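>
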Amino acid sequence: MISSTFTTAVTCMDGRIQIPVIEYMKSTFGVAYVDMITEPGPNKILSENTDNNIVGSIRRRVAISVEVHYSKVIAVVGHHDCVGNPTDKETQRHHIHNAVSMVNTWGFDAQVIGLWIDETWLVHEVSPRT
Ligand SMILES: [Zn+2]
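Residue numbers (our numbering): 3 to 132.
(1) Would DSSP call THR122 helix, strand or coil?
(2) Alpha carbon to alpha carbon, how far is ASP16 from VAL85? Give it in angstroms, no decimals.
(3) Classify GLU127 as buried or exposed, calling it buried when 16 or more other Cβ atoms lie within 10 Å of its own Cβ.
(4) DSSP three-state label for HIS81, please.
(5) Kindly indicate which three-state DSSP category MET15 falls into: helix, strand or coil?
(6) Alpha carbon to alpha carbon, how far is HIS82 from SER67?
(7) Starting from TYR26, trace the beta strand (DSSP E) in both directions and tell me its first and last residue.
Set out below in C-alpha cells:
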C-alpha cells in the first residue's frame, strides 16, 4: 500500500467512468483523492503521440499532480464505448499499454498503471505495475 494522499488518473472525459475510476484508485491505493486529467480517449492520444499540444497539456497536468500533490501512482484509463477511441477492446488495450510506456518515458517518480473499464463499468488493471 502506498501512503500518499493523492493519485493521478489520465482518463476519458466520459461522465460514466469518473466515479468508477475514483473509487478504484481510492480503494486500491488507500488515498483520499484522485486528480482527474481528462481528455476524450487519452489512451489513443498518448499511444499515437502525434498531437504535441494535447500531449504537452496532459504532461503538464500530470507534473502538477506528482510534483505538487506528491502523487505516487498515475493511471492511464481506457473504457468500453468510448467516443474518443471508438476501437475494439483489444485495440484499446494495446493503446493503454503504449500509453503506459509513453508516460513512463516522462520519468516521474510515480508508478504508472493501465486501467480498462468494461461494459458493466467494472475497473480492471491491465498492465503490470512497474
Ligand atoms: Zn471515452
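Note that the Cβ used here is the ideal one computed from N, Cα and C, for glycine as well. Here the structure is a predicted model, which is why all the values come from computation and not from measurement.
Walking through what the data contain:
(1) Reduced to three states, the DSSP call for THR122 is coil.
(2) Rounded to the nearest angstrom, the two C-alpha atoms are 8 Å apart.
(3) Result: exposed.
(4) In the three-state DSSP reduction, HIS81 falls in the strand class (E or B).
(5) In the structure shown, MET15 adopts coil according to DSSP, grouped into three states.
(6) Cα to Cα, HIS82 sits roughly 26 Å from SER67.
(7) First-last for TYR26: 20-31, but that is the alpha helix (DSSP H), not the beta strand (DSSP E).
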